[in-house]
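First up is the structure itself, then whatever we jot down about it.
Residue numbers (this note's numbering): 677 to 871.
In structure tokens form, the structure reads like this:
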């Protein structure tokens with residue numbers, strides 16, 4: 677099982693990670709997605725699976741010399757970050773709710789789809805292209821800086837043809853979320869004025 681977001685799913689469902697993967701032959705857990713480690717993954721499976729994975733890693737040139745500092749970051753993430761993930765989920769829901777409350781015909785969100793730390797903004801392709809929305813959220817106009825009293829930049833990712841993905845993580849504070857909501861509100865209203 678690809679467990680890249682296993683810890684987020686565990687928190688959202690209130691089910692221990694081991695329960696979610698107990699019927700899987702193997703699982704990988706990414707330590708950098710959501711857990712804050714700079715790099716790394718952990719795999720689990722049968723003894724023969726792990727032996728084969730080690731052989732493949734070696735054959736492909738994998739491995740790190742002196743990995744203890746990276747391992748320490750992964751262990752810290754496993755020990756301390758999962759209890760913070762619930763806040764990421766609340767922050768994502770707050771952003772989704774704010775976008776939904778705007779009732780924009782151009783940029784919307786399905787709140788029922790927001791379960792973890794990911795928000796998908798749906799763009800009406802006749803007016804708003806995802807790549808343009810991403811670029812606009814990284815730009816601060818003088819009018820915007822004056823109106824909001826801040827120079828707010830949101831990094832996002834264009835997904836599929838019609839979506840923009842926002843991903844929250846444990847270093848994002850409630851104050852950051854409020855600023856993001858201000859920025860999104862300003863930008864979406866700016867688009868709405870065009871139609």
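The C-beta atom is built at its ideal place from N, Cα and C for all residues, glycine as well. All figures in this text were calculated on a predicted structure; none of them were measured in a lab.
Asked                                                                                                     : Found
Helix, strand or coil at residue 711 according to DSSP, with G and I counted as helix                     : coil
Beta-bridge partners of residue 654, as assigned by DSSP                                                  : Absent from the model: residue 654. The displayed extent of the chain is 677 to 871, so no value can be given.
Counted within 10 angstroms of its Cβ, other Cβ atoms place residue 767 as buried (16 or more) or exposed : buried
Buried or exposed (CB count within 10 angstroms, at least 16 for buried), residue 813                     : buried
9 Å Cβ cutoff met for residue 771 and residue 711                                                         : no
Assigned secondary structure, residue 802 (DSSP; H/G/I helix, E/B strand, else coil)                      : coil
Segment contact flag, the segment 773-783 with the segment 739-747, C-beta cutoff 8 Å, min 3 pairs        : no
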